[in-house]
Amino acid sequence: MPVKRADKTPMPVRLPEERAHDFGEVNEGYALERAMFEAERCLRCQDPVCVEGCPVRIPISDFIHEVAAGDLVAAARILRTANPLPAICGRVCPQETQCEERCVMGGRFRPVAIGHLERFVADQERARGISTTAERTHSEKVAVIGAGPAGLVCAGELARMGYGVTVYEGLHAPGGVLRYGIPEFRLPKAILDHEIAVLQAMGVEIVCDVIVGRTLPLDRLFEMGYAAVFVGTGAGLPQFLGIPGEDLNGVMSANEFLTRVNLMKGYTFPEADTPVKIGKRVAVVGAGNTAMDAVRTALRLGAEEATIVYRRSDKEMTARVEEHEHAIQEGVVFDWLTSPIEVVGDETGWVTGLRCQKMRLGEPDASGRARPVPIPGSEHVIPVDTVIVAIGTSPNPLLVRTTKGLQTDRHGCLVANEATGLTSKPLVFAGGDAVTGTATVILAAGAGKRAAHAIAEALSPAA
Ligand SMILES: Cc1cc2nc3c(=O)[nH]c(=O)nc-3n(C[C@H](O)[C@H](O)[C@H](O)COP(=O)(O)OP(=O)(O)OC[C@H]3O[C@@H](n4cnc5c(N)ncnc54)[C@H](O)[C@@H]3O)c2cc1C
């Protein structure tokens, strides 16, 4: 193995004491020198196993090689043919459990910073105005339901292959969780808007404010002339703890909280007419990406103390490593091995505390993670005035209830073929969180991409 630097080139980051009070982006991105320096660490393996860790199969060493050579136009072209959302994935993908986990450099040293390089190339592409176009070569058109990463990637891939595509989105703006869930300080809306504009320039039509299954029945799409349908409706229905006091004022789901802030700009109230009330002491229950986003948003909205309450330990949390590290730096308190059993309130119906009990870890449960077991006599009350519940979501049942022939599993997720996305209904495909339950952006993107190819195969079978 040639001699290579052991450590990743660090990502420049804004100071915690400055960034924890505004919504500006935390990571600043590589400059050209840093990117080329990091790209030099790639071994250009003959059998690049990193690609196997990428659900959209980016030719990783090829684009990194172009960065090392300083040809950013070539790097951008390689990246975008495999992934229509590179600036987003470069920012929010959990690379440490995907491509970077497989990187051969990681065996002895630290893996190549593939995510940071992906972000760099996509940002350069945007800054330099490198354009991507697609030509319509097929007469058939496809309807996509939901403008989250699954739907957008499916649409982009179909447009790239020459099909007409219309995306129907229930909210007033496209992006799914990328817009209403992930905050500005991790994923600026301007980046999302640019990635969507690139897809539109490729011919993808996006129609907002249409809830398929309510304002427009799914079967009507076929009558309108669409030859196939892709369902990428996500898993936006929040789960609750089911404990006493959860209906008190001051308790909300992370989805509601983040939507008010991100999509409805609640933090600018009364300029925006959706207020978001945040207390001085905030508890966020859960330890995934959603919980981390909620707790860091609470800090930025002025909470004096923002605490993660989680019934397992930091080893079992599902948040990205970087989000956890950034949250620690910004002053978030972590109450591990602590499980809420009641939300306590005052006579006016407002939250005053969260009654919890301490846990210890037992044998693994069905998820493979250590099962939390209550410690008798460990009950205590954490004084808080806001409780945000971030313990998971499930698919909204609306579309399934109003559409004949769509089969779901016991969790309410659509049943779809893993390789093609085909559901139980002919010419209706599905992917992303609507099929898997809450997962990741890149898994949703991968499912959208696979389904796009299966749709193309169904519409124009190879001879
Ligand atoms: C706060 C938060 C932070 C996250 N952070 C990360 C992260 O850092 N990294 C990561 O990889 N993953 C993260 N995730 C998970 C990731 O965002 C999701 O796995 C991903 O967005 C799923 O994509 P999707 O396209 O399947 O669904 P979604 O993003 O949920 O998009 C579905 C879209 O469909 C629309 N829709 C729903 N029903 C209808 C209908 N009937 N008609 C029309 N439109 C409809 C919705 O309005 C929505 O726009 C996070 C999730 C949350 C909630």
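Just so you know, we're using the numbering used here here: the sequence shown kicks off at 528 and counts up by one.
Even for Gly, the Cβ is constructed at its ideal location relative to N, Cα and C.
- In terms of Cβ geometry, Thr935 and Leu926 do not form a close pair [threshold 8 Å].
- Closest in C-alpha terms to Arg541, from the list Val576, Gln856, Ser866, Val916, comes Gln856.
- Excluding its 5 nearest sequence neighbours in each direction, Arg584 has C-beta neighbours in its own chain below 7 Å: Val578, Ala609, listed in chain order.
- Taking one beta carbon from each stretch, the stretch 757-764 and the stretch 904-922 have 3 or more pairs nearer than 8 Å; the two touch.
- In the DSSP annotation of this structure, the continuous segment of the beta strand (DSSP E) that includes His907 starts and ends at 907-910.
- Assignment of beta-bridge partners to Trp863 by DSSP yields no partner.
- Gly617 is classed as buried because its beta carbon has at least 16 other beta carbons within 10 Å across all chains shown.
- Around the beta carbon of Gln625, 16 or more other beta carbons sit within 10 angstroms, so the residue counts as buried.
- With a 10 Å radius around the Cβ and a threshold of 16 neighbouring Cβ atoms, Ala893 comes out exposed.
- Of all C-beta pairs linking the stretch 896-904 to the stretch 839-848, three or more are shorter than 8 Å, placing the two stretches in contact.
- Secondary structure remark: continuous alpha helix (DSSP H) runs of at least 4 residues inside the stretch 788-864, in chain order: 816-827, 848-857.
- Of the other Cβ atoms in all chains shown, 16 or more fall within 10 Å of the Cβ of Met886; this residue is therefore buried.
- At a cut-off of 3 residues, the continuous stretches assigned as beta strand (DSSP E) that sit fully inside the stretch 674-758 are 691-695, 731-734, 755-758.
- In the three-state scheme derived from DSSP, where H, G and I count as helix and E and B as strand, Thr879 is classed as strand.
- Assigned with DSSP and collapsed to three states, Lys976 falls in helix.
- Per DSSP, the beta-bridge partners of Lys885 are Thr865.
- In this structure, Ala971 has its CB closer than 7 Å to one or more heavy atoms of ligand 1.
- Here His643 is near Tyr557, since their CB atoms are less than 8 Å apart.
- In this structure, Asp774 has its beta carbon at no less than 7 Å from each heavy atom of ligand 1.
- Note that the C-beta distance between Ala649 and Pro621 is not below 8 Å.
- Within the same chain, Glu798, Ala799, Thr801 come within 8 Å of Lys792 by CB-CB distance, once the 5 residues on both sides are set aside.
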